[in-house]
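So the sequence lines, in the order shown, correspond to chains A and B.
Residues 58 to 396 (the numbering used here) make up the first sequence, in order.
Residues 58 to 396 (the numbering used here) make up the second sequence, in order.
Structure first, then comments.
There are 2 protein chains.
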Amino acid sequence: MHELRRDPLLGRWIAVLSESVAPSDYDIPPALGKTEQSCILCSGRESETPSEIASIRMNDTLPNKPGWWVRAIPSFKPLFQVEGDLGRRGVGIYDRMNSVGANEIFIESPEHNVKPEDMGLEQMERLITLYRDRITDLSRDLRLRYILIYKNSRVDHGETFIHPISYLMATPVIPKRIKDELENAKQYYEYKERCIFCDIMREEMRVGDRIILETRNFIGFCPYAGSFPFESWIIPKRHSCDFRDITTDEIEDMGFILMSVLKKLRAVFKEDPPLNYFLHTAPNQVPRRNFWHTLGEDFHWHFEIIPRLIRRSGFEWGSGFFILYTSPENAAKYLREVG
Amino acid sequence: MHELRRDPLLGRWIAVLSESVAPSDYDIPPALGKTEQSCILCSGRESETPSEIASIRMNDTLPNKPGWWVRAIPSFKPLFQVEGDLGRRGVGIYDRMNSVGANEIFIESPEHNVKPEDMGLEQMERLITLYRDRITDLSRDLRLRYILIYKNSRVDHGETFIHPISYLMATPVIPKRIKDELENAKQYYEYKERCIFCDIMREEMRVGDRIILETRNFIGFCPYAGSFPFESWIIPKRHSCDFRDITTDEIEDMGFILMSVLKKLRAVFKEDPPLNYFLHTAPNQVPRRNFWHTLGEDFHWHFEIIPRLIRRSGFEWGSGFFILYTSPENAAKYLREVG
Chain A
58 MHELRRDPLL
68 GRWIAVLSES
78 VAPSDYDIPP
88 ALGKTEQSCI
98 LCSGRESETP
108 SEIASIRMND
118 TLPNKPGWWV
128 RAIPSFKPLF
138 QVEGDLGRRG
148 VGIYDRMNSV
158 GANEIFIESP
168 EHNVKPEDMG
178 LEQMERLITL
188 YRDRITDLSR
198 DLRLRYILIY
208 KNSRVDHGET
218 FIHPISYLMA
228 TPVIPKRIKD
238 ELENAKQYYE
248 YKERCIFCDI
258 MREEMRVGDR
268 IILETRNFIG
278 FCPYAGSFPF
288 ESWIIPKRHS
298 CDFRDITTDE
308 IEDMGFILMS
318 VLKKLRAVFK
328 EDPPLNYFLH
338 TAPNQVPRRN
348 FWHTLGEDFH
358 WHFEIIPRLI
368 RRSGFEWGSG
378 FFILYTSPEN
388 AAKYLREVG
Chain B
58 MHELRRDPLL
68 GRWIAVLSES
78 VAPSDYDIPP
88 ALGKTEQSCI
98 LCSGRESETP
108 SEIASIRMND
118 TLPNKPGWWV
128 RAIPSFKPLF
138 QVEGDLGRRG
148 VGIYDRMNSV
158 GANEIFIESP
168 EHNVKPEDMG
178 LEQMERLITL
188 YRDRITDLSR
198 DLRLRYILIY
208 KNSRVDHGET
218 FIHPISYLMA
228 TPVIPKRIKD
238 ELENAKQYYE
248 YKERCIFCDI
258 MREEMRVGDR
268 IILETRNFIG
278 FCPYAGSFPF
288 ESWIIPKRHS
298 CDFRDITTDE
308 IEDMGFILMS
318 VLKKLRAVFK
328 EDPPLNYFLH
338 TAPNQVPRRN
348 FWHTLGEDFH
358 WHFEIIPRLI
368 RRSGFEWGSG
378 FFILYTSPEN
388 AAKYLREVG
């Protein structure tokens, strides 16, 4: 019989099929799309992009000139705009506000055709450092309540560029998915007086069969009741609610484990599966609803990687009850064992 | 500037783009897939399906023989199974249970190639009657906490059959999406002492610009902060939390408005857009968490129709913050004005 599992963080139930679908049985279309050898995100074409917000670059090179390793620029088509006030107001019985916020693009490498997992550890460390720096900078803006870092892979699955990039989106409200995590983690903390993520990590290390790999500072694992087949999380062993507090040593280790998991996913599926990853960290300010009366003891930053292998059915959209076609134990086994 | 709107029912924010995407600018692939002229769901091949659970049929015809108009059969590949106990238990720090429940298929017509919106009002009334009857029957099973009716369109978008069918899924837990609706509606009721759906309906009728059409007993409209472009809801004017209480007069009217909205969607998009619809009604029993201390005054059954016109981005999956590419006002205008 299939098994129903409760996602301890989001409080939702998912169904794990008793016969796991093997990686080779997912239908991953070969990567299509553009094949140009360079683009305006490449080194040497800095003048064609919006002016850079921040970069990590070689000594004695100037902003908006070559010599950078990673570079943050404003989005070409922003969903949120930096200027203006929030304009919160009612409209009849409804509520609206202005689309104030920030959208940035991280250009992950000066090279056009490199994949993040192949660009070398040092480069990945620079990218993670830039993630941290941009969050730290934007979190000073009191209008912004949440900052999300995320990545889309593959131009045929919603990404616009071949050039390796990731994104930052700063929103004037805490998005629903984050709010659900915060509220459930808080509830758990109130009940147990322990961080739910720390408990999950200890349980995963005790049981072991959902672990993908472990490093000095992190574990990578397939969550017990994830909602995407081969969903993989990376959690720091040290309790910390706030990604801004990541140490230099942790940045290096984070780079290593993130690249390792991405490489393993590629190896298991024989080609690049369409995927997204995102960073979930604490909101910027103490919100009025007082999530942080516990001073961050009840939340724990982490990365979630979701391969996009399946199409959601009407049942899943209508119910929020997701179906997991490969069990996390089997997914972790494939990922653990692949070279 | 784009506009942020709060979904009053789910408490999540969505972004409505200031420049609405027109129906013709959505990329709807032409319907592909099977082209066979008959299948085992057709009249005359009853012996090839699992034995029917219920049907509405001509006088003096026998179960599992021709003569039916609509027919409910068990699913060919059930996700939930009817036999067995719930087996709720902890596994380490996690929670699991058996996949006990029911999956049924509604064969909407004896005809192979008819679309639901073309099958005639009388036939649609029979289908809605069968929906009601199956929910009524299954809600007596105390193990089942929720019953969801839903439909997928188009074989190239997750549907297995060309033959017009819809589904019933009875689950031993209240799915997350329903729980969110129930909890938010309850919170609203506690604050206002009014049903949130009744308030939404009154507001929509007052403003008018998101109304698609109105009948004696129902309104069809595009919700203020839906999460799918051209998302359309159908709500009964009479307050009722429970679809099982639908009257014969309402069934007729419901058939008419559902067919009208589906026809309008097809007309606006020039061909069949991939879509799902689902019925949200009250849970079967009084759950332990006591949603129903208000005796159903805080919930209101309704149909939601979601065209599947876009692919969700990494931002949307990572944040639960959805982007609405066509404003509900524009979507309703297209749907209202089309023949």
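Idealized CB from N, CA, C, for every residue including glycine.
Only a predicted model underlies this, so the values are computations on that prediction, with no experimental measurement involved.
Checklist entry - Which residues in chain B sit within 7 angstroms of A/F378, going by Cβ to Cβ distance? => result Counting only Cβ-Cβ distances below 7 angstroms, A/F378 has contacts in chain B at T228, P232, K233, in chain order.
Checklist entry - Is the number of C-beta pairs between the region 178-189 of chain A and the region 300-315 of chain A that are closer than 8 angstroms three or more? => result Yes, they touch.
Item to check | Reference A/P330; option with closest CA among A/I314, A/L199, A/P80 | outcome: Its Cα nearest to that of A/P330, the residue A/P80 stands out among A/I314, A/L199, A/P80.
Item to check | A/C298 beta carbon less than 9 angstroms from that of A/E240 | outcome: In this structure, A/E240 keeps its C-beta atom at 9 angstroms or more from the C-beta atom of A/C298.
Checklist entry - Would B/M115 count as contacting chain A if we go by Cβ distances under 9 angstroms? => result Not an interface residue.
Next on the checklist: Please identify, using Cβ separations under 8 angstroms, the residues of the region 250-270 of chain B that lie next to chain A, in order along the chain.
Outcome noted: Under the 8 angstroms Cβ criterion, the region 250-270 of chain B contributes D256, I257, E260, R263, V264.
Next on the checklist: Can you find the residues in the same chain that come closer than 7 angstroms, C-beta to C-beta, to B/R345, ignoring five residues on each side of it along the sequence?
Outcome noted: Low confidence applies to B/R345: its pLDDT is 37, below 50, so where it sits in the model is not reliable enough to give any reading.
Item to check | B/L381 beta carbon less than 9 angstroms from that of B/S313 | outcome: The residue you asked about is not Ser; residue 313 of chain B is Phe in the sequence shown. Contact: no.
Item to check | Endpoints, the beta strand (DSSP E) within which A/D209 is located | outcome: Checking the sequence, you will find Asn at residue 209 of chain A rather than Asp. 203-209 is the extent of the beta strand (DSSP E) around A/N209.
Next on the checklist: Between A/L319, A/I192, A/H220, which has its C-alpha nearest A/C96's C-alpha?
Outcome noted: The shortest Cα separation from A/C96 among A/L319, A/I192, A/H220 belongs to A/H220.
Checklist entry - Should B/E161 go down as buried or exposed, given a rule of 16 or more other Cβ atoms within 10 Å for buried? => result When all chains shown are included, B/E161 counts as buried.
Item to check | Straight-line gap, B/M115 to A/L322 (C-alpha atoms, nearest Å) | outcome: Approximately 56 angstroms, taken between the alpha carbons.
Checklist entry - Per DSSP, what kind of secondary structure is A/E250 in: helix, strand or coil? => result Secondary structure at A/E250: coil, using DSSP grouped into helix, strand and coil.
Checklist entry - If you measure from the beta carbon of B/M311 to each beta carbon in chain A, is any gap under 9 angstroms? => result Not closer than 9 angstroms to any Cβ of chain A, the Cβ of B/M311 fails to qualify, so no.
Item to check | Per-residue contacts from B/Y245 into chain A (C-beta, under 9 angstroms) | outcome: From the beta-carbon of B/Y245, no residue of chain A is found nearer than 9 angstroms; the closest lies around 10 angstroms away.
Item to check | For A/R259 and A/Y281, believed in contact at Cβ under 8 angstroms, the rounded distance | outcome: Going by Cβ atoms, the distance from A/Y281 to A/R259 rounds to 13 angstroms, so no, they are not a contact pair.
Item to check | chain A contact residues for B/G149, given Cβ-Cβ distances below 8 angstroms | outcome: Chain-ordered, the chain A residues with CB closer than 8 angstroms to the CB of B/G149 read E260, R263, V264.
Checklist entry - Considering B/M154, what are the terminal residues of the beta strand (DSSP E) in which it resides? => result It spans 151-155 - the beta strand (DSSP E) in which B/M154 sits, taken as one unbroken run.
Item to check | Where the beta strand (DSSP E) containing B/G312 begins and where it ends | outcome: If you look at B/G312, you'll find it isn't in any beta strand (DSSP E); it sits in the alpha helix (DSSP H) that goes 305-326.
Checklist entry - CB B/L61 to CB B/A111, shorter than 9 angstroms? => result The answer is no: Cβ separation not under 9 angstroms.
Item to check | Option nearest B/K134 by Cα separation, candidates A/P107, A/D213, A/S75 | outcome: The residue with the shortest Cα to Cα distance from B/K134 is A/S75.
Item to check | Straight-line Cα distance separating A/L98 from B/R263 | outcome: B/R263 and A/L98: Cα-Cα distance of roughly 50 angstroms.
Item to check | Start and end residues, alpha helix (DSSP H) containing A/L187 | outcome: Unbroken alpha helix (DSSP H) run through A/L187: 178-195.
Checklist entry - Got a sec: is the Cβ-Cβ distance from B/W290 to anything in chain A below 9 angstroms? => result By this cut-off, B/W290 is not an interface position.
Checklist entry - Taking the Cβ atom as the reference point for each residue, do A/A242 and A/H359 lie within a distance shorter than 9 angstroms? => result The Cβ atoms of A/A242 and A/H359 lie no closer than 9 angstroms to each other.
Next on the checklist: Give me the chain A residues within the contact set of B/N333, using Cβ-Cβ distance strictly less than 7 angstroms, ordered along the chain.
Outcome noted: Going along chain A in sequence order, the residues near B/N333 (Cβ under 7 angstroms) are G371, W374, G375.
Checklist entry - What residues are listed by DSSP as bridge partners for B/K271? => result Correcting the residue type first, residue 271 of chain B is Glu in the shown sequence and not Lys. Looking at the DSSP output, B/E271 bridges to B/I276.
Item to check | Beta-carbon contacts of B/F275 that lie in its chain and below 7 angstroms, excluding the five residues immediately before and after | outcome: Closer than 7 angstroms at Cβ, skipping near neighbours: I291, I292, P293, K294, D310, M311, I314.
Checklist entry - Between B/W70, B/E216, B/N341, B/E103, which lies nearest to B/A88 when the distance is taken from Cα to Cα? => result Of all alpha-carbon atoms in B/W70, B/E216, B/N341, B/E103, the one lying nearest the alpha-carbon of B/A88 is that of B/E216.
Checklist entry - Taking any Cβ of chain A, which residues in the region 206-229 of chain B have a Cβ under 8 angstroms from it, in chain order? => result When C-beta distances to chain A are compared with 8 angstroms, the residues of the region 206-229 of chain B below that value are Y207, K208, N209, H214, G215, Y224, M226, T228, P229, in chain order.
Checklist entry - Counting contacts by CB-CB distance shorter than 9 angstroms, is B/N341 in contact with chain A? => result Closer than 9 angstroms to the CB of B/N341 there is not a single CB belonging to chain A.
Item to check | Closest residue to B/N170 among B/D213, B/L195, B/Y391, B/F218 (Cα-Cα distance) | outcome: It is B/F218 whose Cα lies nearest to the Cα of B/N170.
Item to check | Beta carbon of A/V318 nearer than 9 angstroms to that of A/I362 | outcome: Yes, the Cβ-Cβ distance between A/V318 and A/I362 is below 9 angstroms.
Next on the checklist: By the three-class DSSP mapping on this structure, what secondary structure does B/N170 have?
Outcome noted: Here B/N170 sits in coil by DSSP.
Checklist entry - Beta-carbon separation of B/I204 and B/F335 under 9 angstroms? => result The Cβ atoms of B/I204 and B/F335 lie no closer than 9 angstroms to each other.
Checklist entry - For A/P107, which residues in chain B fall below 7 angstroms Cβ to Cβ? => result Within chain B, no C-beta atom comes nearer than 7 angstroms to that of A/P107; the closest sits roughly 18 angstroms away.
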